[in-house]
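Trainee: Got a structure for you, questions after.
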Amino acid sequence: MSADMRTILAIETSCDDTCAAVVTEDGVVHSNLIASQMDHDRFGGVVPEVASRRHLELLDGVVGAALADADVSLAEVDAVAATRGPGLIGALLVGFSYAKALASTAGLPLVPVDHLQGHVSANFLHPSVFDPPFVCLVASGGHTFLARVEQRHGYEILGATTDDAAGEAFDKGARLLGLGYPGGAALDQLASTGDANAIDFPRTYVGDLDFSFSGIKTSLLYKLKALPDGDFESAKADLAASYQSAVVEMLVKRIEQAVQRTGIDRVAIGGGVAANSLLRRRVTELGVEVKVPPRSLCTDNAAMIGSAAFAISPLQPGQYSELDAYPSGSPIAV
Ligand code: KG4
Ligand code: ZN
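If you read the sequence shown in the numbering used here, its first letter stands for residue -11, the second for the next number, and so on.
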């Protein structure tokens, strides 16, 4: 940790949410703002060009509001942190270039942060700071993996999805159920009114600690096709609840196995899917010490980027002007 970094202004624009936050080294979140781009819903997915353009329009205002919300001026900030990757390259470039320009103009250091490290580092924030070692499930719209976390920066991948991410499974399931995009939260909501034991979905386990979610999505498609005409509305909630239950069971089973393999009986979760009600409940029933961050720190946000930044060496002005964003890969994972 750098002795000079006490207050960080963080920026996150890896997908379609324009996020800025102010975080201090003690893990306190002083502001955490998100401007969600609703424009993508009607396209049934994120349109990269639309996301980049909206980030451009929104970012300056969101950053200003994050500083104002935290009652902090740019002069009181010690460093600017920004997501460097992975994500949509155009979206990342808007946020990362903005951060470089802002830091450089203010004579501040810049901390480039990996988005997935951010999801892990959300666990170091208040209301309850959870320090390593722990096993962490990161499940988002683009990634799903289990990590062995031994320090505040970097982690070892224990297992990962071999096809869809868990968030993608939720989103594709939600779309089939007519719930819009992204539909994870809507499916969660609908599932609360259905019977999770009503319909049998396959649970797939591949590799050692890996995941596979493509089969369950196909299974839902066939179950919907087989429904007699007119039965969709009455079957929808049971389908959502049973589908959610199967996805969550696959995630929790792997967490349990990772705890057994590593001998680390401390568990944390992160990523948008960690906002899921059933997953949040099930992990607390594992019988080990568990950290479940508030929902606002699970889905994409900039506070988690600020949190990660405290464990990364900052680049001084003059050292970061050539630095580029990266769309894929996560160099800090081993
Ligand atoms: O981490 P995140 O905000 O963005 C990425 O980095 O991808 O994760 C977004 C994903 C989406 O697939 C969304 O549907 C899912 O998280 N999600 C949920 C819930 N809230 C968000 N999935 C299940 N239940 C939820 N309550
Ligand atoms: Zn994310």
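Where is the CB? At the ideal position from N, CA and C, for every residue including glycine.
Predicted, not measured: the structure shown is a model, and the values here were computed from it.
What are the start and end residues of the beta strand (DSSP E) that includes R140?
Mentor: The sequence position of residue 140 within the sequence shown is 152, counting from 1. For R140, there is no enclosing beta strand (DSSP E), since its DSSP letter is neither H nor E.
Trainee: Do A174 and A153 have their C-beta atoms closer together than 8 angstroms?
Mentor: Position 186 of the sequence shown, counted from the first residue, corresponds to residue 174. Position 165 of the sequence shown, counted from the first residue, corresponds to residue 153. No, Cβ-Cβ distance for A174 and A153 is not below 8 angstroms.
Trainee: Could you please go through the chain and list the residues whose beta-carbon is closer than 5 angstroms to any non-hydrogen atom of ligand 2?
Mentor: S128 and D288
Trainee: Using DSSP with H/G/I as helix, E/B as strand and the rest coil, what is N20?
Mentor: Within the sequence shown, numbered from 1, the residue matching residue 20 stands at position 32. Residue state, collapsed to three classes: strand.
Trainee: Does at least one heavy atom of ligand 1 sit under 7 angstroms from the Cβ of D14?
Mentor: In the sequence shown, the residue the question calls residue 14 occupies position 26. Answer for D14: no, Cβ out of range of ligand 1.
Trainee: From which residue to which residue does the beta strand (DSSP E) around A8 run?
Mentor: Residue mapping note: residue 8 aligns to position 20 of the sequence shown, counting from 1. Counting along the chain, the beta strand (DSSP E) containing A8 begins and ends at D5 to T12.
Trainee: Which two residues bound the contiguous alpha helix (DSSP H) that contains V101?
Mentor: Translated into the one-based positions of the sequence shown, residue 101 becomes position 113. Run containing V101: none in the alpha helix (DSSP H); it sits in the beta strand (DSSP E), L98 to D102.
Trainee: Would a C-beta distance cut-off of 8 angstroms place V247 and V240 closer than the cut-off?
Mentor: For the purposes of this step, residue 247 is taken as the residue at position 259 of the sequence shown. For the purposes of this step, residue 240 is taken as the residue at position 252 of the sequence shown. In this structure, V240 does not lie closer than 8 angstroms to V247 by Cβ.
Trainee: For F118, name the three-state secondary structure that DSSP assigns.
Mentor: Looking up residue 118 in the sequence shown gives position 130. Note: F118 maps to coil in three-state DSSP.
Trainee: So is A157 in contact with chain B if we call contact Cβ pairs under 8 angstroms?
Mentor: No chain B appears in this structure, which consists of one protein chain only.
Trainee: Among residues of its own chain, excluding the 5 on either side of F112, which ones have a beta-carbon nearer than 6 angstroms to its beta-carbon?
Mentor: Taking the first residue of the sequence shown as 1, we reach residue 112 at position 124. Counting only Cβ-Cβ distances below 6 angstroms, and skipping sequence neighbours, we find G15 and S295.
Trainee: Roughly how many whole angstroms lie between the Cα atoms of L215 and T1?
Mentor: Taking the sequence shown and counting its residues from 1, one reaches residue 215 at position 227. Taking the sequence shown and counting its residues from 1, one reaches residue 1 at position 13. Going from the Cα of L215 to the Cα of T1 covers about 41 angstroms.
Trainee: In or out: R269 buried (at least 16 other Cβ within 10 Å) or exposed?
Mentor: Residue 269 sits at position 281 when you count from the first residue of the sequence shown. With fewer than 16 other Cβ atoms inside 10 Å of its own Cβ, R269 counts as exposed.
Trainee: Which stretch, first to last residue, makes up the alpha helix (DSSP H) that contains I293?
Mentor: Translated into the one-based positions of the sequence shown, residue 293 becomes position 305. Here the alpha helix (DSSP H) through I293 covers A291 to A297.
Trainee: Check whether the Cβ atoms of A297 and A67 sit closer than 8 angstroms, and answer yes or no.
Mentor: As a working mapping, residue 297 is identified with position 309 in the sequence shown. As a working mapping, residue 67 is identified with position 79 in the sequence shown. Yes; because the gap between Cβ atoms is below 8 angstroms, this pair is in contact.
Trainee: Which one of L267, S309 and G259 has the shortest CA to CA distance from G129?
Mentor: Taking the first residue of the sequence shown as 1, we reach residue 129 at position 141. The residue with the shortest Cα to Cα distance from G129 is G259.
Trainee: Any heavy atom of ligand 1 within a distance shorter than 7 angstroms of the CB on C3?
Mentor: Walking along the sequence shown from the start, residue 3 turns up at place 15. C3 Cβ: within cutoff of ligand 1.
Trainee: Please list, in chain order, all residues of the same chain as V65 whose beta carbon is under 8 angstroms from its beta carbon, the five residues on each side excluded.
Mentor: Along the sequence shown, read from residue 1 onward, the residue named residue 65 stands at position 77. Excluding positions up to five away in sequence, the list reads T(-5), I(-4), L(-3), V10, L55, A94 and L96.
Trainee: Beta-carbon within less than 8 angstroms of A63's beta-carbon, same chain only, minus the 5 sequence neighbours each way: which residues are those?
Mentor: Numbered from its first residue, the sequence shown carries residue 63 at position 75. Excluding sequence neighbours, A63 sits near A94.
Trainee: How do the segment 198 to 217 and the segment 177 to 185 stand: do at least 3 beta-carbon pairs fall below 8 angstroms, yes or no?
Mentor: no
Trainee: With DSSP collapsed to three states, give me the class of L(-3).
Mentor: By 1-based counting over the sequence shown, the position of residue -3 is 9. When secondary structure is reduced to three states using DSSP, L(-3) falls in the strand class.
Trainee: Any idea which residues DSSP pairs F199 with across the strands?
Mentor: As a first step, residue 199 must be located in the sequence shown, where it is residue number 211. In the DSSP output, where bridge partners are listed per residue, F199 has T149 and Y193.
Trainee: Determine the direct distance from the alpha carbon of A223 to that of D151, and round the result to whole angstroms.
Mentor: Sequence index remark: in the sequence shown, residue 151 carries index 163 (1-based). Sequence index remark: in the sequence shown, residue 223 carries index 235 (1-based). Inter-residue distance for D151 and A223 is about 28 angstroms (C-alpha atoms, whole angstroms).
Trainee: Tell me the rounded alpha-carbon separation between V236 and S61.
Mentor: In the sequence shown, residue 236 corresponds to position 248, counting from 1. In the sequence shown, residue 61 corresponds to position 73, counting from 1. If I take the Cα positions, the gap works out to 43 angstroms.
Trainee: With H, G and I counted as helix, E and B as strand and the rest as coil, what does DSSP make of V68?
Mentor: Taking the first residue of the sequence shown as 1, we reach residue 68 at position 80. Three-state DSSP puts V68 in a strand.
Trainee: Considering Cα atoms alone, identify which of P36, H114, Q25 and V99 is closest to I300.
Mentor: Working through the sequence shown from its first residue, we reach residue 300 at position 312. Answer by Cα proximity: V99.
Trainee: Below 7 angstroms, is the gap between the Cβ of D176 and the nearest heavy atom of ligand 1?
Mentor: Here residue 176 refers to the residue found at position 188 when the sequence shown is read from its first residue. Flag set: Cβ of D176 near ligand 1.
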